[in-house]
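First up is the structure itself, then whatever we jot down about it.
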Amino acid sequence: MGNALLEIEGLKTQFHLFAGTVKALDGIDLTLKEREILGLVGESGGGKSVAAYSILRLIDPPGEIASGRVLFEGADLLEKSEAEMRRIRGKDISMIFQDPLTALNPLHTIHDQIDEMLRLHTSLGARERLEKILSLLREVGISNPEDRLRAYPHQFSGGMLQRVVIAIALAARPKLIIADEPTTALDVTVQAQILRLMEGVVKNHGAALILITHDLAVVSGLTERVAVMYCGRIVEEGPTDLVIHSPLHPYTKGLLNSIPRMGKKSGRLPQISGMVPNLLELPDGCAFAARCPDASEKCLRAAPPMRPAGPGRKTACHLHAGGEAER
Ligand code: SF4
452 MGNALLEIEG
462 LKTQFHLFAG
472 TVKALDGIDL
482 TLKEREILGL
492 VGESGGGKSV
502 AAYSILRLID
512 PPGEIASGRV
522 LFEGADLLEK
532 SEAEMRRIRG
542 KDISMIFQDP
552 LTALNPLHTI
562 HDQIDEMLRL
572 HTSLGARERL
582 EKILSLLREV
592 GISNPEDRLR
602 AYPHQFSGGM
612 LQRVVIAIAL
622 AARPKLIIAD
632 EPTTALDVTV
642 QAQILRLMEG
652 VVKNHGAALI
662 LITHDLAVVS
672 GLTERVAVMY
682 CGRIVEEGPT
692 DLVIHSPLHP
702 YTKGLLNSIP
712 RMGKKSGRLP
722 QISGMVPNLL
732 ELPDGCAFAA
742 RCPDASEKCL
752 RAAPPMRPAG
762 PGRKTACHLH
772 AGGEAER
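Here it is in structure tokens:
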């Protein structure tokens with residue numbers, strides 16, 4: 452695998468509400484290599500989507516990126532002008548949103564929506580663009596694309612629309628694609644097809660992928676590395692196989708326990724007890740302490756920093772201080 456493509460350092464994004472300040476991202480660090488597929492996992496409100504929007508500088512007031520760096524190919528995106536960011540979005544970094552129907556413009560044909568991306572970000576002429584659109588639609592599995600070019604989004608099923616959105620995301624050959632819950636709005640029978648399609652086309656195009664999902668089962672087998680987020684922080688990161696088969700952080704263990712397993716007979720699936728804390732009133736200690744079966748006095752006093760926990764692994768838990776248990 453290649454060099455670092457994206458390096459996020461100490462990124463903090465906050466929302467200033469009447470009731471107080473929400474620390475939606477509370478100092479995350481993350482590195483993504485060229486052509487790497489990374490899963491970003493956690494419950495709603497953990498900060499996954501805010502991380503994606505922060506990378507693309509799409510945080511609007513009352514939100515703000517308070518501090519940190521987002522280095523893309525070594526240059527800090529937080530220091531770019533808005534005009535430079537408009538060129539980077541779609542061209543170098545593209546995004547696949549959760550609901551394809553709302554991601555597409557209902558008033559424009561499929562052809563026009565892909566063509567717009569090509570006109571904005573490439574120097575191709577009209578004939579070359581048409582050939583490119585047809586080849587992209589074939590690549591994402593839309594048969595007879597010549598017959599579908601003039602169709603509008605409402606004439607496609609959800610799965611076919613998400614294929615179109617993937618074609619748009621690939622159009623300008625971006626180096627990084629961020630997919631935010633790309634299969635959540637789809638029928639379960641279509642989800643696996645879309646995930647496999649994304650994996651294939653991303654690899655074909657030599658792009659890196661950040662796959663955002665609330666479902667650890669989705670990242671299994673598809674991503675090489677996974678980062679687990681809770682309350683605006685990354686609490687565990689490592690090779691996907693290791694994190695899934697021997698999770699370190701109690702929150703990761705709780706997420707994995709709540710996934711149904713084929714062939715395993717059980718009664719009710721275990722849930723992580725309690726609720727995600729109010730982000731306006733996060734505790735001084737570990738944000739997971741109120742739900743954690745392993746919480747100790749120390750967990751209530753001090754938030755655990757992210758520390759190495761074995762080869763290629765890190766976790767933010769007092770139980771794993773440099774790989775050693777510490778109470
Ligand atoms: Fe649980 Fe303490 Fe680890 Fe937090 S630091 S996850 S409360 S054991």
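Quick note on numbering: our numbering labels position 199 of the sequence shown as 650, and the sequence is numbered without any gaps. Beta carbons: idealized from backbone N, C-alpha and C, even for Gly.
| field | Among Pro604, Met611, Glu582 and Leu581, the one whose alpha carbon lies nearest that of Gly593 | value | Per the sequence presented here, residue 593 reads as Ile, with Gly not at that position. Among Pro604, Met611, Glu582 and Leu581, the Cα nearest to that of Ile593 belongs to Met611.
| field | Chain-order list of residues whose beta-carbon lies under 8 Å from that of Arg778 (same chain, five-residue window excluded) | value | Any reading at Arg778 must be qualified, since the residue scores a pLDDT of 45, below 50, and its modelled position is unreliable; no value is offered.
| query | Taking a cut-off of 5 Å, which residues have a beta-carbon closer than that to any heavy atom of ligand 1, in chain order? | reply | Pro701, Cys737, Phe739, Ala740, Cys743, Asp745, Ala746, Cys750, Pro755, Cys768, His769 and Leu770
| field | Sheet register partners of Gly514 (DSSP bridge) | value | Phe466
| DSSP three-state call for Arg742: helix, strand or coil? | helix
| field | CB contact flag (Ala754, Cys737, <8 Å) | value | yes
| query | Residues in its own chain within less than 8 Å of Ala741 by CB, not counting five upstream and five downstream? | reply | Gly725, Pro728 and Pro734
| query | Out of Val615, Glu590 and Leu627, which has the shortest C-alpha to C-alpha gap to Glu524? | reply | Leu627
| Among Asn595, Gly498, Glu582 and Pro625, which one has its Cα closest to the Cα of Asp543? | Pro625
| said: As an exercise, report each continuous beta strand (DSSP E) stretch of at least 3 residues that is fully enclosed by the segment 571-656, in chain order. | reply: 627-631
| field | Distance CB(Gly689)-CB(Gly576) smaller than 8 Å | value | no
| said: Quick check on Ala767: does DSSP put it in helix, strand or coil? | reply: coil
| Are there 16 or more other CB atoms within 10 angstroms of the CB of Gly605, so buried, or fewer, so exposed? | A quick correction: the sequence has His, not Gly, at residue 605. Exposed.
| What are the boundary residues of the beta strand (DSSP E) that includes Val727? | Premise fails: Val727 is in no beta strand (DSSP E) and is neither H nor E.
| query | Does DSSP put Lys484 in a helix, a strand or coil? | reply | strand
| request: Excluding the 5 residues preceding and the 5 following Ala776 in the sequence, name in chain order all residues of the same chain whose CB lies nearer than 6 Å to its CB. | output: No answer about Ala776 holds up, because its pLDDT of 43 lies below 50 and its placement is not dependable.
| request: Pick helix, strand or coil for Ala554, following the three-state DSSP scheme. | output: helix
| Residues in its own chain within less than 8 Å of Leu731 by CB, not counting five upstream and five downstream? | Leu468, Ala470, Gly471, Thr472 and Val473
| task | Note down, in chain order, each residue of its chain lying with its Cβ closer than 7 Å to the Cβ of Thr674, except the 5 sequence neighbours on either side. | result | Ile488, Leu489, Gly490, Leu662 and Thr691
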